[in-house]
Every structure is written in structure tokens, then in C-alpha cells.
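Residue numbers (the working numbering): 29 to 495.
Shown next, in C-alpha cells, is the structure this report addresses.
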Amino acid sequence: MKFPKDFFLGAASAAYQVEGAWNEDGKGISNWDLFTKIPGKTFEGTNGDVAVDHYHRYKEDIKLMAEMGLDSYRFSVSWARIIPDGDGEVNKKGIEFYNNLINECLKYGIVPFVTLYHWDMPNVLEEKGGWTNKHTVDAFVKYAKTCFEAFGDRVKHWITFNETIVFCQKGYLTGSHPPGIINDVKKYFEATHNVFTAHAKSVLEYKKLRQFGEIGITHVFSPAFSVDDNKENVAAAYHANQYEIAWYYDPILKGTYPKYVLDQLKENNWTPAWTEEELNILREAAPKNDFIGLNYYQPQRVIKNTVDAEEHAKAHCDGAPGNASFDGAYRTVSMKDKVYTKWGWEIAPDALVEGLRLLKSEYGDIKLYITENGLGDADPIIEDEVMDVPRIKFIETHLKAVKKAISEGINLKGYYAWSVIDLLSWLNGYKKQYGFIYVDHKNNLERKKKLSFYWYKKVIEERGENI
Ligand code: BGP
């Protein structure tokens with residue numbers, strides 16, 4: 029089987045992780061610009077001030093993407109470049125940069141797939157409460173509309189938010205992302221609801237403009253499976269999926285929140301302060317979503333948690349199993365019979381297919397893209413060549429899983445490897461690599477093609493026939 033002609037074989041990045049130029053051409057300061065400078069927050073104090081200098085080298089980078097044959101490039105727009113103070117004047121230079129980037133993609137026939145919010149927010153807004161302040165919702169909608177109007181003649185694929193669960197959990201529960209708040213459950217749920225409202229309002233605005241492109245949201249897709257048949261563990265996995273899948277996917281696709289979670293929020297006095305109007309907007313926007321983007325790295329293996337509540341605050345922030353959930357109901361674990369990356373993330377292409385089946389049974393035939401999937405590794409360099417064989421294996425087995433899902437009738441329309449080029453890992457610096465293109469930090473950020481670059485090029489040429 030070949031991947032259909034209209035299936036995107038692409039790769040992804042995000043503004044803060046690649047662009048650099050953090051204070052150039054009128055860009056405002058973002059929450060991440062400041063958060064990474066707080067001692068102890070990131071690996072060896074790494075930050076995105078320069079990142080891999082994509083801002084200045086986008087032409088070189090897109091040329092390499094074209095050589096690889098990418099159908100599509102998923103990147104994000106930095107809000108603070110477009111509207112430096114969050115909701116005031118538009119920065120012409122910011123618009124100009126993304127116009128150039130988009131045009132450069134189109135020059136080579138690469139379809140731009142644009143994320144509006146991949147975690148970096150103008151710091152002025154963060155200071156006023158960020159996603160817990162409803163003013164941020166209106167500011168976001170204004171920013172989204174500015175982008176639709178400036179770029180929508182050429183951009184036909186829009187993602188509003190990347191991984192709401194990650195920036196809200198890490199922002200308000202573990203404190204490892206801005207604004208760095210620990211264990212404020214009320215704020216956590218408040219923030220998620222405000223993001224969903226901002227998403228819904230942006231979808232409605234986009235449709236009003238009649239630009240005839242598509243719009244959706246990207247969520248983490250990390251389905252929870254019980255480690256065994258023990259009733260308590262099975263219930264724990266159900267609980268995990270209600271809080272980590274249903275809470276995020278229901279308001280987008282069904283326009284309502286899951287009753288199971290709602291009942292518990294009420295009991296604990298955690299219900300967000302929503303208005304009838306906001307709930308109606310969620311309902312109105314739900315059928316207008318064109319797709320859901322899924323970032324799939326690993327599933328969760330779950331057991332009932334028995335560890336002291338104190339432990340919750342100490343949750344790991346690195347994505348490896350071993351955490352108790354914020355409410356102490358369940359815990360993720362590593363299993364002896366599974367395979368893990370150097371950073372302890374499970375490698376499980378089969379769980380992707382299984383998860384997609386569950387998703388389909390719950391949400392029907394909505395169009396899906398895998399908007400991120402990849403292997404974080406410390407790549408070996410042998411005789412001056414980057415021999416990232418494990419990455420090739422990782423992507424190959426996941427593309428096989430994607431094929432299987434398609435053959436079962438799952439409505440998957442694209443696959444974006446994370447990441448197109450080595451970039452800044454939010455908390456792990458440059459050591460954890462994901463790209464097809466290596467960046468030499470000791471040698472003027474010079475680009476070099478990895479083994480996986482040639483491999484992916486061939487896969488795209490053959491439309492995956494030999495996978
Ligand atoms: C996702 C983010 C990406 C990227 C990726 C890898 O959650 O959307 O931006 O960072 O994870 O994560 P890490 O760099 O922590 O390994």
C-alpha cells in the first residue's frame with residue numbers, strides 16, 4: 029500500500045524552539061523568553077534566544093525540506109512577533125517574516141500547516157493572569173483573526189492550540205512551564221476552559237471569513253491502558269482517559285464536558301467560572317471543527333495510585349512514566365516487557381492503532397492528522413556522519429501503524445514527524461535530538477543531513493510503498 033496522494037508526509041517545528049531572534053524586529057517579550065532565564069528551570073540554562081536561528085536561516089532550511097521532498101511543513105507563529113503586547117498594535121515586521129516563510133514554502137510546493145499557539149505568549153498577558161484571565165481569550169481571537177487575514181489567502185490549514193493539556197498541567201500543576209504555578213487545580217481547569225473557548229471563538233471567526241481552508245486543534249494523544257485486568261487498575265485507566273482525553277476532546281468535538289469529570293469537579297469545588305454564553309459557543313463551534321491533530325509519542329500504562337498525596341507535587345516533569353495524577357487517583361508505570369527511549373518514553377506503535385480505534389468509537393469519523401511523532405535521542409556521530417538508525421526504526425514502525433489504521437478505515441490524512449530539524453527541547457536543551465537535520469552548535473549552527481534525512485526522502489518519493 030502507498031500513502032494516498034492527498035496524505036501529507038511532513039515534519040514539524042515550533043517558533044520558540046527554532047526561530048531565535050528573540051528581541052529582533054519589534055518582537056515582544058514572551059513568557060518563555062523570561063521563564064527560561066530563571067535559574068534551574070531548563071537543562072543547563074538553555075533558552076531560545078538564538079535557538080537554531082531559523083529566523084535568519086529559513087531559506088536554507090526550507091531548501092533542505094524541499095530536497096527531502098516534504099509535502100508539508102508544520103510550524104508555529106510567535107504571537108509576540110505579530111502583536112508584541114498581546115492585544116495592541118500589529119508589528120509589520122512580524123507579518124513580513126511569516127509572509128516570507130510561507131512564500132518560501134509555497135515556492136517549493138510545500139504546504140504550510142500553521143499552529144497559532146505553541147506555548148509562547150506575549151508576557152504582558154502572562155503577567156495579567158495568562159490563560160486564567162478571560163481577557164486573554166479575546167486577545168487570542170484578535171491575534172488569530174490577524175493571522176487569518178494576513179496569511180489566509182495562502183495558508184489553508186490552521187491549528188489553534190498545541191497540546192493544551194501540557195501547557196496547562198505544567199503551567200498550573202507541576203510548575204515546570206510558565207507561569208510556574210504548582211498544584212493550583214482550580215486555576216488548571218479554569219485555564220483549560222478558557223483555551224477551549226478561545227479555540228471555539230477562533231473557529232467561528234475563521235468560518236465567517238469564508239477562506240475555505242480547514243481549522244482544528246492539536247491534542248496530546250496518550251491513551252491510558254490498565255497494566256492488567258485488576259478491577260481497580262481498569263477503573264484507574266478509565267479515570268485517566270476521562271481526565272486526559274475526554275476533558276480535552278469532548279468540548280472540541282461534542283461541545284460539552286464529560287459528566288464523569290464534571291461531577292467530580294463539582295464535589296471538589298474545581299468547576300471553572302464559565303458563563304452560559306461560553307458553553308453555547310463551545311456547542312456552536314463543535315461541528316465546525318475540520319480535524320483534530322494528534323501528537324502521539326507514547327501511551328500511558330496505568331495502575332491505581334497508593335502513594336501519599338504529598339508525592340503528587342513531586343511529579344516528574346519529563347514525560348517518563350512514574351507520576352501520580354494530580355488528584356492521586358492513578359499512577360503511570362514502566363513495564364518490564366516494554367521498550368523505552370533513552371529518556372524513558374515507551375516505544376509503542378501498536379498502542380497508536382489501538383488508541384485510534386478507541387478514538388473512532390468515541391468521536392466517529394472526524395479527520396485526523398498525526399501532527400507530531402518522533403524519537404528523542406542523543407544521536408551517534410560516526411566518521412562525521414549522524415547515524416540516527418534508531419530514529420529511522422521508530423518512524424518506520426509508526427508509519428506502519430498509520431498504514432494499518434488507514435486500512436482499517438481510520439480517517440488519517442497526514443503524518444508530521446517531530447521534528448524537521450534538531451531544535452530546542454523545552455526543558456532538555458539541545459541534547460535531546462529529534463530532527464532529520466543536525467545542527468552543529470560548535471560550528472556556527474551549520475546544518476548537516478542525517479541518515480534519516482535520506483531515508484525519509486526515499487519514503488516520500490515512494491509514497492511509503494516499501495514500509
Ligand atoms: C511535544 C511538544 C513539542 C516537543 C515534543 C518533544 O509535547 O509539542 O514542542 O517539544 O513534545 O518534547 P521534548 O522536547 O520534551 O522531548
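Beta carbons are placed, not taken as given, at the ideal position from N, Cα and C, and that holds for glycine.
If you ignore the 5 residues before and after K87, its C-beta comes within less than 8 Å of the C-beta of E132, all in its own chain and listed in chain order. Straight through space, the alpha carbons of G383 and E374 are spaced by roughly 14 Å. Distance from the CA atom of V80 to the CA atom of E233, rounded to whole angstroms, is 34 Å. In this structure, T74 places its C-beta atom within 8 Å of the C-beta atom of G457.
The beta carbon of W454 sits closer than 7 Å to at least one heavy atom of the ligand BGP.
Secondary structure note for H221: its alpha helix (DSSP H) is the uninterrupted segment V213 to L237. For E242, the enclosing beta strand (DSSP E) has its first and last residue at E242 to V248. Contact between the stretch 384-395 and the stretch 304-314 is absent: fewer than three C-beta pairs spanning the two stretches fall below 8 Å.
Counting of Cβ neighbours within 10 angstroms places H469 among the exposed residues, the total staying below 16. Taken in chain order, the unbroken stretches of beta strand (DSSP E) that lie wholly in the stretch 92-164 and span 3 residues or more are 100-104 and 139-145.
The distance from the Cβ of V194 to that of V142 is about 19 Å, inconsistent with a contact at the 8 Å cut-off. Here the stretch 49-58 makes no contact with the stretch 438-448; the two share fewer than three CB pairs at distances below 8 Å. C-alpha of V223 to C-alpha of K156: approximately 15 Å in a straight line. Out of W302, E260, N258 and N296, the CA that lies nearest to the CA of P279 is found in W302. Assigned with DSSP and collapsed to three states, F354 falls in coil, not helix or strand.
Closest in C-alpha terms to G97, from the list L62, Y482 and T202, comes Y482. The alpha-carbon of R419 is positioned some 32 Å away from that of W275.
At least one heavy atom of the ligand BGP falls within 7 Å of the beta-carbon of E191. Assigned with DSSP and collapsed to three states, D405 falls in strand. In this structure, the straight-line span from the alpha carbon of H221 to that of K316 is close to 18 Å.
Apart from the 5 residues on each side of it in sequence, G372 sits with its Cβ closer than 6 Å to the Cβ of A348 in its chain, given in chain order. In this structure, K460 has its CB closer than 7 Å to one or more heavy atoms of the ligand BGP.
Out of H185, A406, G203 and W147, the CA that lies nearest to the CA of I243 is found in H185. For the pair of segments examined, the stretch 146-162 was found to touch the stretch 205-222: the number of CB pairs separated by less than 8 Å reaches three. The shortest C-alpha to C-alpha distance from V367 to any of P377, T334, P408 and T360 is the one to P377. At a threshold of 7 Å, A39 does not count as near the ligand BGP, since its beta carbon sits no closer than that to any of the ligand's heavy atoms. Rounded to whole angstroms, the separation of the alpha carbons of F103 and I138 is 12 Å. Between K198 and G492 a beta carbon distance of about 34 Å is seen, past the 8 Å cut, so the two are scored as non-contacting. The nearest non-hydrogen atom of the ligand BGP is less than 7 Å from the C-beta of E400. Nearest to N323 by alpha-carbon distance, out of I398, W298, P300 and A265, is I398. At a threshold of 7 Å, Q270 does not count as near the ligand BGP, since its beta carbon sits no closer than that to any of the ligand's heavy atoms.
Around the C-beta of I210, fewer than 16 other C-beta atoms lie within 10 Å, and the residue is accordingly described as exposed. The C-beta distance from K332 to E260 rounds to 4 Å, short enough to meet the 8 Å contact threshold. For the 8 Å CB-CB criterion, K478 and I465 form a contact. Between F354 and the set K287, Y277 and K214, the nearest pair of CA atoms involves K214. Of the candidates K364, V361 and N494, the residue whose Cα lies closest to the Cα of E424 is N494.
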